[in-house]
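For reference, the structure is listed below as structure tokens.
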Amino acid sequence: MNPEFRRNIWLELTTHRVIAMPLILSLIFGLTISLSGSVFDRSVSHVAGTAFVLLVIVWGCRQSAEAVLSEISTRTWDHQRLSSLSAWNMTWGKLYGAPIFSLYGGLFCLLVLFLSTTGEHSFQKSLLITILYALCGLFAQSFAMFLSLAGLRQGRAYTWRRSAFYQVLAILMGLQILIPTLISSTFEELRTDITWYGFVFPGLLFYICSIALFYIWSIIGLHQLMRKELQITNSPLLWSLFIVFALFYCSGLIKEDSTIFEKTHEEWVWQIRIYSACITCWLITLFAVFFEAKDVVLLRRLYAAVKSRHWQQVGYLIPRWAIAFCFVLISLAISLILPLPTSNAIFGPNNTPDFFRQTLVSQTLFLLRDIGIFMLFCLGNKRQGGEFAVLIYLSLLYIVLPQMLNAFGGEDVLFIFYSILAENWLEAILPGLLQTALIAVLLKLHWQKLSRKAHSDVPIEEGNSATA
Amino acid sequence: MAEPIVLVEDLVYEYPTKRALHSVSCQIEHGSITALVGPNGAGKTTFLRCLAALDNPFSGQITINGLKTQNHPRDVHRQIGYLSDLFGIYDELTVQRCLYHAAAIHQIPAAQIPDHVAKSAERLGLETRLQETAGTLSRGLRQRLAIAQTIIHDPVLLLLDEPASGLDPEARQSLSELMLSLRDDGMTLLVSSHILAELEDYSSHMLIIDNGHIIEHSMLHTSTSGAQDYDTSPEAVPLRICLACPDERLHQVLSAIPGIEAVEGDFQEVTVLFQGEVGQRHEIIRHLVESCVPVIAFQEQKASLQEAYLQKLKVSRRTVAAHPGGQG
């Protein structure tokens, strides 16, 4: 047996717990049945679904997020890192081991959910609903662990705030599909058909496939992060493949008769898909820059590797946000090359045909500025939580300052913050360009200051070598 | 000459605002016990973590038993044992399960794990506490359990960061004995500690780090009494000579003896620096006796590890102060 999985079983599945869990759940379900007039139906499935969410998604995410963080706080993680376990064994040992008790309870809930829905729905649909719940729970747990491991790149000190932040994000991811069904308990919401690249899929099946795919990607991501923890280098290939997958998946959700682009003509849908790909890349870049290490030493090593043309080393060291940003540039370039309609039919009466192009270019400059702000506040910052400070500054730039400007009658210059309001190329590009240049100058000064500090103490003796 | 078990070449480690190791190079021979000493913040822990392939250096190379840490980190992890100064153990598990888990994660075959657990527990005197929960153990016993976990897979290289901190004198004594027994079993040890007197008991080499530089890496001599002696100079040996009563001719007689380079002291007690073989030392006594100098004591003066360490540190810092810019 996987030693890490066994250790978690030793810790989590004590005899007392193994007996108590089904006992308590039986009492809850029994009480529900007696209150609903001895009927094993919708009310029971509602309770089973809620219990599953509480056990597997809420509690399970906590256990998953804390799986490595708690090892760091109790200082056992280095011992694990020095083990002979492969990254994969460590990954699955923790992924299914840490929340094993909540999964154990979740199994009972799923069984009751399945049985209680068979009365109202077909066997197949009951099975699919059960699978959807199971996948949502597993995905939430795996995403929680992924975030906590990704967060380790920012700093290794454990804080409950960080852990809680990861848990909340993962719970929201896990619940996004289940919440409507939990509220209504009819599962009708899952019947809505989904159109993807023009193909119509039954909603329930599409959700199950989507979550299954993202679950697989989260495990791949987790494995990559675990490799990094175990000092094994990762090539940028899998991350690039994930970006391509995400672009492909999200772009497929743009419908020809979309209500967002209600005047979209079928022949322009691919342009709109490329724009959506560009926006997806922005989001992935921001996600990566938030979670990834803003490590000045790593960047120095990267710079040295580039200078010495060690391209394999460059591939290992290059930040993932930089790769995502490359995809932003690629999708932006394609957007600029693709022909646009000569009329303004697509984009509404107030926008020129160049509107989307201007917005994309300008927003890419703003993205570059935002990356610069992250670097400025987080590079060499000994205190953790610089990323959260940056989020506050960004909310100032995107919300507070524009609102203030608006309040003081500066509607005409709001394009400084909102590229979408620019009326021509100059207004679209100049604000982003100037703000990015300003941040670049500040970043350069900060970099020089850090380098001076790092190299202020000089070596003692030549060679500094000794042999016994 | 056999390949060293540890070969460090131009190792540089940087924190964002501080360079912790400056182009450090050294090598450690198989079967040695090296005392890694230096002031707080000198870079000892960083050095050990780099050797353990837990942290990536900025530049330079580390080869452990023929494996480069950057290229084969997991293979290196299999070959070493590392105990951090701030270690943790699984408090909820019993001692036996802690050891079983430690053996299992090092992929010791399941059939052999009980033997490894028993051997490790016996080495650390934990055989009577196997069923106790780790969280209930005293600090000293936790330390022993942590060491037992670290050596359970019989690593070829053992890196210990402050292993004796928090241990009582008896436990320290048994730790010293354990170090020597591990060495005898074929392990190579690198031990960082501030308790130099204790390092003296078992170390064969000393590596001094100060401000991210190796300022000394020397072999310690073992005298016939078994005690360690720090080798200040391989050529000249300090010898202490005492007389029954002051004799004004003492310095004159000693200066005339071949091999004596310097004489310090008064007319009753002196320290001479003698350059020559051990077998030639009786010549000094013969000369003194023939000159009717009333010699009553003659012995090699041993500098303790602590004295030698402090002396080296002082010299190194004086050099830095004198030539602040003249460093490589």
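The listed protein sequences correspond, in order, to chains A and B.
Here the numbering used here is used: the first residue of the first sequence is 1, the next is one more, and so on.
Here the numbering used here is used: the first residue of the second sequence is 1001, the next is one more, and so on.
C-beta: ideal position from N, C-alpha, C; glycine also.
Can you check whether the C-beta of N1056/B is within less than 9 Å of a C-beta belonging to chain A?
yes
Would you please state the rounded distance, in angstroms, between the beta carbons of K294/A and T1017/B? I believe it to be under 8 Å.
At roughly 14 Å, the Cβ-Cβ gap does not stay under 8 Å, so K294/A and T1017/B are not in contact.
Does DSSP classify N344/A as helix, strand or coil?
Reliability of the predicted coordinates at N344/A is poor, the pLDDT of 49 falling under 50, and the value obtained from them is presented with this limitation in mind. Correct three-state label for N344/A: coil.
So with Cβ pairs under 9 Å, would you call L11/A a contact of chain B?
yes
Within 8 Å of chain A by C-beta, residues of the stretch 1093-1113 of chain B in sequence order:
L1093, R1097, H1101, A1102, A1104, I1105, H1106 and Q1107
Distance, Cα to Cα, V1272/B vs I1080/B?
45 Å
Per DSSP, what are the beta-bridge partners of C1242/B in this structure?
E1269/B and A1297/B
When you compare each of L397/A, G380/A, N381/A and I337/A to F366/A by their alpha carbons, which one comes out closest?
L397/A
Does DSSP put E1044/B in a helix, a strand or coil?
The sequence shown places Lys at residue 1044/B, not Glu. Helix, per DSSP.
Check whether chain A comes within 9 Å of Y1202/B, counting only Cβ atoms and requiring the distance to be less than that.
no
By the 7 Å beta-carbon criterion, what residues does the stretch 424-454 of chain A contribute toward chain B?
L450, K453 and A454
May I have the straight-line CA-CA distance separating E427/A from L332/A, to the nearest angstrom?
18 Å
Give, in chain order, every residue of the stretch 1301-1317 of chain B whose Cβ lies closer than 7 Å to some Cβ of chain A.
S1316
Rank V296/A, A288/A, Q271/A and L230/A by C-alpha distance to the C-alpha of Y1015/B and give the top, closest one.
V296/A
Member of Y303/A, S36/A and F415/A whose CA lies at the smallest distance from the CA of P402/A:
F415/A
Terminal residues of the continuous beta strand (DSSP E) containing E387/A?
Here E387/A belongs to no beta strand (DSSP E); instead the alpha helix (DSSP H) covers G386 to S395.
K444/A (DSSP reduced to helix, strand or coil)
helix
Contacting positions in the stretch 367-398 of chain A - beta carbon closer than 9 Å to chain B:
L379, G380, N381 and K382
P1004/B to S70/A, Cα distance in whole Å?
38 Å
Compute the distance between the beta-carbons of I1296/B and I1260/B, then report whether it is under 9 Å.
no
Below 8 Å, how does it come out for the stretch 1016-1034 of chain B and the stretch 1204-1220 of chain B: are there three or more Cβ pairs, yes or no?
yes
Would a check of beta-carbon distances place H1077/B closer than 9 Å to chain A?
yes
Our contact map puts V269/A next to I254/A with C-beta atoms below 8 Å; I'd like the distance itself, whole angstroms only.
6 Å
Spatial distance of W59/A from L138/A (CA atoms)
12 Å
Secondary structure at C1050/B, three-state DSSP: helix, strand or coil?
helix
Shorter than 9 Å from the beta carbon of T74/A to some beta carbon of chain B?
yes
Counting only C-beta atoms, is N464/A closer than 9 Å to chain B at any point?
Low per-residue confidence applies at N464/A: pLDDT is 42, beneath 50, and the placement is therefore not dependable, though the value from the model is reported in the following sentence. It does: the Cβ of N464/A has a partner Cβ on chain B nearer than 9 Å.
Within the same chain, show all residues whose beta-carbon is closer than 8 Å to that of L205/A, passing over the 5 residues directly before and after it, in chain order.
L128
Does I1005/B get closer than 9 Å to chain A when you measure Cβ to Cβ?
no
Closer than 9 Å to chain B by CB, L230/A
yes
For G315/A, name the three-state secondary structure that DSSP assigns.
helix
Taking just the CA atoms, how far does A1102/B sit from G1088/B?
13 Å
Please list, in chain order, the chain C residues whose beta carbon lies closer than 8 Å to that of P3/A.
The structure shown contains no chain C; its protein chains are A and B.
When you compare the CB of L80/A with every CB in chain B, is at least one pair closer than 9 Å?
In the sequence as displayed, the identity of residue 80/A is Gln instead of Leu. Taking Cβ atoms only, chain B reaches closer than 9 Å to Q80/A, which makes this a yes.
Where do the N-terminal and C-terminal ends of the beta strand (DSSP E) with C1026/B fall, by residue?
K1018 to I1028
With a threshold of 6 Å on Cβ separation, who are the neighbours of T233/A within its own chain once the five nearest residues in sequence on each side are excluded?
Y316
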